[in-house]
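Novice: Right, I'll just put the structure down here and ask away after.
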């Protein structure tokens, strides 16, 4: 099992500049703590998750680190010119001395579809076509420069357990990537379908909300504000609304404001929460079900200092006990 962190460059009321800088520092700190991977999201046209250019974040972190792998979770493939993106990925692989993982997703937010002039019905096939072209360019186009350092940059395809997407990844030999709300059963079923097609289990990148406290209940309550605010902010972008202001004290009245697309209850019901023993038990449950696991933690905190402390506690109190 490999361990990583998930960074979405979340702005809880400060400046975008500070928020971006904080995430780079968190990536550097993750390497210091011994984590294996850092994964950057891609979100457009909102003031909360200010990360429209994950490749720039990946390049900045590559310049500050030497060991940790750096991934995209995920590049919204339909919104790029494929050959141009292949060049960026190859350049990143050189900048990082061969430490790049490339995750791809189809996207689908309302602003994205309108401003990138896409049809929501075509996004999945456009993702497949784009990833095919990126792979062909990286390793089949003799005029590509610079060429990637890795003989095969790991590719991962984000899915909500959609059979068509799983089948595509299996036929191409790519890994699977699951969001924070994916249930363990969905992930298990997806890896089994993949195995039936490919004859082997995939590499699985699984995001999970994480919060340590004295027990599960207190961890759940303390993880709720930041998680709910993320959900509300993403729903706002999906429906072209302004991001909401963050008010910690208001969250007791907002716990039931959950909808279908981003389900905060799913995020927390599938999270890694509690004291050391409870968190360890959940991780062992996950690793017992999912083969070739990349477990990627999303700390549920609006405070960078608290996030750093939570990652430190994980590395000191939980990681040494993981089988």
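In the numbering used here, the protein residues as written are 252 to 574.
Where a beta carbon is used, it is the ideal one built from N, C-alpha and C, also for glycine.
Below 7 Å CB to CB, which residues in the same chain sit around residue 345 once its five sequence neighbours on both sides are set aside?
Specialist: Position 94 of the chain shown, counted from the first residue, corresponds to residue 345. Within the same chain, residue 345 has close Cβ partners 397, 400.
Novice: Write down every uninterrupted run of the alpha helix (DSSP H) in the segment 414-484 whose length is 4 residues or greater and which is fully enclosed by it, in chain order.
Specialist: The segment 414-484 contains these whole alpha helix (DSSP H) runs: 414-423, 435-449.
Novice: Quick check: residue 526 and residue 459, are their CB atoms within less than 8 Å of each other?
Specialist: Position 275 of the chain shown holds residue 526. Position 208 of the chain shown holds residue 459. No, they are not a contact pair.
Novice: Just confirm the distance between the C-beta atoms of residue 524 and residue 470, as a whole number of angstroms; I'd bet it's less than 8 Å.
Specialist: For the purposes of this step, residue 524 is identified with residue 273 of the chain shown, where counting begins at 1. For the purposes of this step, residue 470 is identified with residue 219 of the chain shown, where counting begins at 1. Confirmed, about 4 Å.
Novice: Would you mind sorting residue 366 into buried or exposed? The rule is 16 or more other CB atoms within 10 Å of its CB.
Specialist: Along the chain shown, one-based indexing puts residue 366 at 115. Its Cβ having fewer than 16 others within 10 Å, residue 366 is exposed.
Novice: With the cut-off set at 8 Å, would you say residue 412 and residue 433 are in Cβ contact?
Specialist: Against the chain shown, residue 412 aligns to sequence position 161. Against the chain shown, residue 433 aligns to sequence position 182. Closer than 8 Å, so yes.
Novice: If you reduce the DSSP assignment to three classes, tell me which class residue 508 lands in.
Specialist: For the purposes of this step, residue 508 is identified with residue 257 of the chain shown, where counting begins at 1. Note on residue 508: pLDDT 33, under 50, position unreliable in the model; the coordinate value appears next. Coil, per DSSP.
Novice: Give the range of the beta strand (DSSP E) segment to which residue 525 is assigned.
Specialist: For the purposes of this step, residue 525 is taken as residue 274 along the chain shown, with counting starting at 1. From DSSP, the beta strand (DSSP E) with residue 525 extends over 523-525.
Novice: Comparing C-alpha positions only, which one of 464, 326, 424 sits nearest to residue 449?
Specialist: On the chain shown, position 198 is the one that residue 449 refers to. With distances taken between Cα atoms, residue 449 lies closest to 424.
Novice: Rounded to whole angstroms, what's the CA-CA distance from residue 262 to residue 283? Just pull it up for me.
Specialist: Residue numbering aside, residue 262 sits at position 11 when the chain shown is read from its first letter. Residue numbering aside, residue 283 sits at position 32 when the chain shown is read from its first letter. Approximately 24 Å, taken between the alpha carbons.
Novice: CA-CA distance, residue 382 and residue 355?
Specialist: Position 131 of the chain shown, counted from the first residue, corresponds to residue 382. Position 104 of the chain shown, counted from the first residue, corresponds to residue 355. Each residue's Cα considered, the two are about 8 Å apart.
Novice: Classify residue 333 as buried or exposed, calling it buried when 16 or more other Cβ atoms lie within 10 Å of its own Cβ.
Specialist: Indexing the chain shown from 1 puts residue 333 at position 82. Buried, since its Cβ has 16 or more Cβ neighbours within 10 Å.
Novice: Applying the 10 Å Cβ sphere with the 16-neighbour rule, what's the burial state of residue 501?
Specialist: By one-based count along the chain shown, residue 501 stands at place 250. Its pLDDT being 45, under 50, residue 501 is placed unreliably in this model, and the coordinates cannot settle the point.
Novice: Since residue 452 and residue 428 are thought to touch, with beta carbons under 8 Å apart, how far apart are those beta carbons, to the nearest angstrom?
Specialist: As a first step, residue 452 must be located in the chain shown, where it is residue number 201. As a first step, residue 428 must be located in the chain shown, where it is residue number 177. Incorrect: roughly 15 Å between the Cβ atoms, too far for contact.
Novice: So, residue 323 versus residue 276, is the Cβ gap smaller than 8 Å?
Specialist: If you number the chain shown from 1, residue 323 lands on position 72. If you number the chain shown from 1, residue 276 lands on position 25. Not in contact: residue 323 and residue 276 (Cβ atoms no closer than 8 Å).
Novice: Kindly indicate the opening and closing residues of the alpha helix (DSSP H) around residue 323.
Specialist: As a position in the chain shown, residue 323 is number 72, starting the count at 1. That residue, residue 323, is in no alpha helix (DSSP H); its beta strand (DSSP E) goes 320-327.
Novice: Whole angstroms are fine: how far does the CA of residue 468 sit from the CA of residue 509?
Specialist: Position 258 of the chain shown holds residue 509. Position 217 of the chain shown holds residue 468. Caution is warranted here: a pLDDT of 35 is assigned to residue 509, below 50, making its placement in the model unreliable, and no coordinate value can be reported.
Novice: Pick from 301, 255, 536: whose alpha carbon is nearest that of residue 439?
Specialist: As a position in the chain shown, residue 439 is number 188, starting the count at 1. With distances taken between Cα atoms, residue 439 lies closest to 536.
Novice: State the DSSP-derived secondary structure class of residue 275, mapped to helix, strand or coil.
Specialist: In the chain shown, the residue the question calls residue 275 occupies position 24. In the structure shown, residue 275 sits in a helix (DSSP, three-state: H, G or I).
Novice: Taking 8 Å as the threshold (C-beta atoms), are residue 337 and residue 389 in contact?
Specialist: Here residue 389 corresponds to residue number 138 of the chain shown, with the count starting at 1. Here residue 337 corresponds to residue number 86 of the chain shown, with the count starting at 1. Contact: yes.
Novice: So residue 488 and residue 257 are in contact, right, with Cβ under 8 Å, and what is the actual spacing, rounded?
Specialist: Residue mapping note: residue 488 aligns to position 237 of the chain shown, counting from 1. Residue mapping note: residue 257 aligns to position 6 of the chain shown, counting from 1. About 18 Å separates the two Cβ atoms, so there is no contact after all.
Novice: I need the boundaries of the alpha helix (DSSP H) containing residue 259, first residue and last residue.
Specialist: Position 8 of the chain shown holds residue 259. No alpha helix (DSSP H) contains residue 259, which DSSP labels as neither H nor E.
Novice: Would you mind sorting residue 320 into buried or exposed? The rule is 16 or more other CB atoms within 10 Å of its CB.
Specialist: Residue numbering aside, residue 320 sits at position 69 when the chain shown is read from its first letter. Residue 320 is buried by the Cβ-count criterion.
Novice: Whose C-alpha, out of 542, 431, 278, 362, is nearest the C-alpha of residue 291?
Specialist: Indexing the chain shown from 1 puts residue 291 at position 40. Closest option to residue 291, Cα to Cα, is 278.
Novice: Give me, in chain order, the residues of the same chain whose beta-carbon lies closer than 6 Å to that of residue 517; leave out the 5 immediate sequence neighbours on both sides.
Specialist: On the chain shown, residue 517 is found 266 positions in, with the first residue counted as 1. Hits under 6 Å: 432.
Novice: Among 462, 410, 317, whose alpha-carbon lies nearest the alpha-carbon of residue 559?
Specialist: Here residue 559 refers to the residue found at position 308 when the chain shown is read from its first residue. Of the listed residues, the one whose Cα sits closest to residue 559 is 462.
Novice: Looking at the structure shown, is residue 351 part of a helix, part of a strand, or coil, going by DSSP?
Specialist: In the chain shown, the residue the question calls residue 351 occupies position 100. It is a strand residue.
Novice: Put residue 385 into one of helix, strand or coil per three-state DSSP.
Specialist: Looking up residue 385 in the chain shown gives position 134. Helix at residue 385.
Novice: First and last residue of the alpha helix (DSSP H) that includes residue 288?
Specialist: Numbered from 1 along the chain shown, position 37 holds the residue referred to as residue 288. Unbroken run through residue 288 is the beta strand (DSSP E), 288-291; no alpha helix (DSSP H).
Novice: Whole angstroms are fine: how far does the CA of residue 465 sit from the CA of residue 530?
Specialist: Here residue 530 refers to the residue found at position 279 when the chain shown is read from its first residue. Here residue 465 refers to the residue found at position 214 when the chain shown is read from its first residue. If you take the alpha carbons of residue 530 and residue 465, they lie about 11 Å apart.
Novice: Let me know if residue 414 comes out buried or exposed under the rule of 16 or more other beta-carbons within 10 Å of its beta-carbon.
Specialist: The residue labelled residue 414 in the question sits at position 163 within the chain shown. With fewer than 16 other Cβ atoms within 10 Å, it is exposed.
Novice: Would you please state the rounded distance, in angstroms, between the beta carbons of residue 358 and residue 330? I believe it to be under 8 Å.
Specialist: Working through the chain shown from its first residue, we reach residue 358 at position 107. Working through the chain shown from its first residue, we reach residue 330 at position 79. So it is a contact: roughly 6 Å between Cβ atoms.
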